Structure formats: structure tokens, C-alpha cells
Amino acid sequence: MVEDRKMHFGQATTSGMSSFEPTTQESLTRIALTGFLFIAVDIAISNGPIRQWMQRHFRSWAAPGVKLAEVDKAVPHISTRIVSSLHILIQIPLAIIVLLSPDLQADRLYSKSPLTWQLVTTTAGYFVYDLYVHTVRYEYTANLVHAAAALSVFLTGIYCGVLHYYGAMFLLWECSTPFVFMRWVLHTLGRTKDKFYLYNGLTMMAVFFLCRNLLGVGMSLDFWRVSGAELAHPRPGGVPASALWLIRGLNLVFNFLNFLWFSKMLRGAIKVLQKSPAAMEATAEAQVALSESKKKHEE
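With UniProt numbering, letter number 67 in the sequence shown gets 67, and the count goes up by one each step, no holes.
Written out as C-alpha cells, the structure is:
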């Protein structure tokens, strides 16, 4: 299988099957080890001394009136957010380096390097973990669909040895993840009336919209343009048309989820702004003014 892959894609890739490129077995081993590593980190965070430490501190940070039992129940789910944030903090800088490479920009469909192989296999390992954790701790259907679709995209790119540049490009969608994590923590602790909750939420929305809904659509259009040219004039021994159509279809799924999630954020932000201290104060002042106006009218 490995030799077939080398012969099949060697003609079409920028550098052929170079010495730095891992075999299919090596790639799968990297992915499995990375996935197990993320799972191990999750288990370490959500159990034992670390969990006890988080429960103790989260109890002290919880707002008055918040049920401590609910805080304790939420602690195991924090590990998922921490692992996700760690993955992003490591991968985003690497993705930016990849995107700034002139050699990789020149052939966005087939170009690759040792760094891109590390990037895509590590991210595939993360999505193995993500799929596992969302299956075991089922929270939202959309998250499960996202994990399965993302894993499918990266596995396809790894097996075919293509789309590494776009893998780095679409990793930038995750820049909003740390802000989403912080919002969840503040909401769990009942800190929804704090100014920091409002500021974090607005920043989260701005980054999400910029990276996913604005740049994300631009990235998707570029991918459809480049993949369309490949489908119209395929390179000998190049990526199968079925693989490109699979990733095209999943790209539509990702964009749909992005707009779905942003619409939910927007509705939530409107509710928060309506309940914010400034809004409540303005409402109170309006009620007082209306009351005084009625009194004068009655007099």
C-alpha cells in the first residue's frame, strides 16, 4: 500500500515522495500516539489531584448563589477545553509559519514540508481525541459532527499527501477557541454579570467572525477555485477526484456550522447586552422619567 501511494502521488507532488515524508504506517502511528497523548492529558486533568485543585479553586471563584454541586459536576468537562486550547496554542504559530512560506504558497494543493507533515498529523491526532471525547461525554451533536468531519479531512490529506497548505489555513479558524473556553468557564461560575464576561464575549465574537465567517469564506473560495482547476485539468497521478469532492462537501458542512454557531453567539450577545448593568441602568432611568412624567401629568 505504501509503495503504491508513493508511485501514485509521486508524479503530481511538488517534490515527489521526498525523504522527509513519512509512510502511511508512520503517519498513522504518529496520529495514534498524539491522540493517546491528548487523552492522557485529559485524564490527568479530570482526575486525581488536579481535579481536586480545580474544584477547590472554582468553588472559591464561583459567584454567590451558584450551586457548588453544579460547579463540581462541570470540572471534568474543563479538561476538554484545556486540551483544545493547548492544541491551538501549539499549532496556530506553526500554521502561520506554513502560510507565510513562498514555496508552499506556490502550489497550495500539492506542496508540503517536514513542518506541514508534523502539523497535519498532530492535528489529526487531536481530532481523534476530539471525536473520542465528544462520543464519551456527549454534549452537542454539532461538536460530534465537527470532530468527525475534521478528522476525515485531515486523514484524506495525510493519505493522499496533499492539501497541507489548506490544513494550515483552516486551522486559523480555531483562533476563537480560547475565548469560547473562557466564556464557558465564566458562565459555569455564574460570572455572567462581570464586565470581563462581556468583554471576553465581544472579543470571542469578533475573532470568530473574522477568522471563520470572513476569512473562512475567503479561504473556502480559494480552495474551491484551486480544487476546481485540478478537477478540470487533473495532474497525472494526482489526488483522486472523489477525495476532492469529499473535502469540498465537508467544507460546506464546516461553513454551515460556523454560521450556525455565530448566529447563536449573536443571539446570546444581544441578551447579555440587554441585561448588562448599563442597559439595566438606562432602563431604570427611563422608568423613573416615565413615572415622573405621569405624576406631573396627574398634577
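Note that the Cβ used here is the ideal one computed from N, Cα and C, for glycine as well.
Keep in mind it's a predicted model, so treat the numbers as computed, not measured.
Note that the segment 149–160 does not touch the segment 219–234; fewer than 3 beta-carbon pairs, one per stretch, sit closer than 8 Å.
If the five residues before and after Met-265 are omitted, its C-beta is found closer than 6 Å to the C-beta atoms of Met-205, all from its own chain and listed in chain order. DSSP, reduced to helix, strand and coil, places Ser-113 outside both helices and strands of the structure shown, so it counts as coil.
Cβ-Cβ separation between Ile-31 and Ile-82: approximately 21 Å, too far for a contact (criterion under 8 Å).
Straight-line measurement puts the Cα of Leu-260 at about 24 Å from the Cα of Leu-244.
In this structure, the beta-carbon distance from Thr-123 to Phe-154 falls below 8 Å. One alpha carbon belongs to Gly-249, the other to Leu-163, and they sit about 15 Å apart. Taken in chain order, the segment 155–197 contains no complete beta strand (DSSP E) segment of 3 residues or longer. Distance check between Pro-236 and each of Tyr-110, Ser-263, Tyr-166 places Tyr-110 closest, using alpha-carbon atoms only. The three-state secondary structure of Lys-67, taken from DSSP, is coil. Counting of Cβ neighbours within 10 angstroms places Asp-130 among the buried residues, the total reaching 16 or more. In terms of Cβ geometry, Phe-36 and Tyr-126 do not form a close pair [threshold 8 Å].
Shown here, Ser-101 sits in coil according to DSSP, grouped into three states, outside any helix or strand. Within a 10 Å sphere around the beta-carbon of Gln-105 sit fewer than 16 other beta-carbons, which makes this residue exposed.
With 16 or more neighbouring CB atoms inside 10 Å of its own CB, Asp-42 falls in the buried class. With respect to the C-alpha of Trp-117, the residue from Ile-78, Ala-269, Asn-251, Gly-157 having the closest C-alpha is Gly-157.
In this structure the segment 164–177 lies against the segment 92–103, because at least three pairs of beta carbons, one per stretch, are closer than 8 Å. Around the beta carbon of Lys-112, 16 or more other beta carbons lie within 10 angstroms, which makes this residue buried.
Contact check between the segment 53–73 and the segment 176–184: fewer than three CB pairs, one atom from each, fall below 8 Å, which does not count as touching. When only Cα atoms are considered, Asn-200 and Leu-115 end up about 32 Å apart. Here Asp-130 carries a helix assignment [DSSP, helix/strand/coil].
A residue is called buried when at least 16 other Cβ atoms come within 10 angstroms of its Cβ; Phe-256 does not meet this threshold and is exposed.
Residue range 215–232 is occupied by the alpha helix (DSSP H) that includes Gly-218.
The C-alpha of Tyr-140 lies about 24 Å from the C-alpha of Met-54. Within the same chain, Cβ atoms closer than 8 Å to the Cβ of Ala-142 are found at Leu-257, Leu-260, Trp-261, the five residues on either side in sequence being excluded.
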